[in-house]
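Since the structure comes first, as structure tokens, the remarks are kept for the end.
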Amino acid sequence: MPPISYLECARCHAHVSADTPQTVCPQCPTQPAGSLFVHYDLSHLKGTSPRDVVARDAQGPWAGMWRYRSVLPDAQPVTLGEGWTPMLKSRRHTGAYLKEEGANPTGSFKARGLAMAVTMAKHYGLRKLAVPSAGNAAGALAAYAAAAGIEAHIFMPLDVPFANYVEATAYGAHVQLVDGLISDCARIVAERKQQEGWFDISTLKEPFRIEGKKTMGYELVEQLGWEYPDAVFYPTGGGVGLIGMWKAFEEMESLGWVRGKRPKMIAVQSSGCAPVVRAYESGAGVSTMWQDAATIASGLRVPKPYGDALILDIVRASDGIAMAVSDDDILASILDWGRNEGIFLSPEGASVTAAYDQLLARGYLNPGDRVVLFNTGAGLKYTDVTAEAMKLKRPSAQ
Ligand SMILES: [Zn+2]
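With the sequence shown counted from 1, adding 1367 to any position gets you the working numbering.
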């Protein structure tokens, strides 16, 4: 595992040391301060074959996402078996692969970022972590904090999928449900963290969740034979996966591990909460707060993502698009993939399969184009929400 050379601010490009725990850039001249990205000295890996390096590293306990330990921070992992999730070829669409992130511990992609962030929190000796969550980050933080013997303080909306509340409580986290959105939860964490001695482990407010998420970028390229697909569809709430994958592509190219044109990054939101899409369509560089956010895809209910500027830059630089689909389309796609592919998508995952159908119909993509569709969570975590959308009730006993 490589030593960290420095952390770099995504906005003002200041360099910050990683010797002590960091949150956002301490040197940004204006607010909101930029997120910090980890930089390593990877010169010894230049020109190596990724097949050799990863095969060497993926031995013994270094399974899952830790197979990429040569590009991750040097620390003893807190692991529950995250990463190396299935890349499933669609039975109907020639070029489509579904990246099944529901196979992660705690049933979602959030396991990657939080495994890494909690690993580093333990490395730094932090004792109390706090997070606002739309649901799945709460479950993941609670699990990894329990595994690390660290306190977790979790704030999520009152109407999160019930599974998120149950799991976080079962893992022994301090859980508070808030009558509001994730933005209200974030405000509470910000207001109380100093007094309570909490380290804020929110998306993009510490450097390491991105490092965990970036393994999705390495993994999808490796699973496609160290080649890029034509497009990557990503359900975009906080957007860290997209940001992490882009960082992975940059690193892999600098090492000579992958060549060719980077995939179009397709950021998908719900029409009930689409701040990034609105900014993308109006040509804006940042989003504005989405009022009255409402969608069955709870993970997409992020009225103003902290990383909006980064997401918009990536979508544009990749020649991709940001687009929204309706909750009706999401439900229809859950049923479509359930019946025809044997895959129970999360509502967020179904937003991208719905978007894929629409872009095929529009001729934006051809059926043969190689695309990766991210199912960011297991459908089983959303049975209450999905049942309600399906108007499905438990049959009463006779
Ligand atoms: Zn800065």
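Here a beta-carbon is modelled for each residue, glycine too, at the ideal position from N, C-alpha and C.
Values in this document were obtained by computation on a predicted structure and should not be read as measured data.
{"Check": "Quick check on this structure: which residue in T1397, S1402, A1754 has the alpha carbon closest to the alpha carbon of P1574?", "Outcome": "S1402"}
{"Check": "According to DSSP, which residues form a beta bridge with H1406?", "Outcome": "Y1373"}
{"Check": "Does the stretch 1621 to 1635 come within contact of the stretch 1410 to 1428, defined as at least 3 CB pairs closer than 8 angstroms?", "Outcome": "yes"}
{"Check": "For a quick check, are the C-beta atoms of F1616 and V1719 less than 8 angstroms apart?", "Outcome": "no"}
{"Check": "Any heavy atom of ligand 1 closer than 7 angstroms to the beta-carbon of Q1394?", "Outcome": "yes"}
{"Check": "Of all the options F1404, P1399, A1470, which has the alpha carbon lying nearest to the alpha carbon of C1376?", "Outcome": "F1404"}
{"Check": "On the three-state DSSP scale, how would you describe G1705?", "Outcome": "helix"}
{"Check": "Work out the CA separation of K1413 and D1526 for me, nearest whole Å.", "Outcome": "48 angstroms"}
{"Check": "Quick check on DSSP: helix, strand or coil for L1712?", "Outcome": "strand"}
{"Check": "Output the distance between the C-alpha atoms of W1429 and W1451, rounded to the nearest integer angstrom.", "Outcome": "11 angstroms"}
{"Check": "Are there 16 or more other CB atoms within 10 angstroms of the CB of T1655, so buried, or fewer, so exposed?", "Outcome": "exposed"}
{"Check": "Touch check for the stretch 1586 to 1593 and the stretch 1555 to 1570: three-plus C-beta pairs under 8 angstroms?", "Outcome": "no"}
{"Check": "Here's a check: name, in chain order, each residue in its chain whose Cβ is nearer than 8 angstroms to the Cβ of M1368, leaving out the five neighbours to either side.", "Outcome": "R1436, S1437, L1439, P1440, D1441, A1442"}
{"Check": "Run the CB neighbour count on N1733, radius 10 Å, all protein chains shown included, and call it buried at 16 or more, exposed below.", "Outcome": "exposed"}
{"Check": "For N1742, write down the residues that DSSP places opposite it in a beta bridge.", "Outcome": "E1467"}
{"Check": "Between which two residues does the beta strand (DSSP E) harbouring I1633 extend?", "Outcome": "1631 to 1637"}
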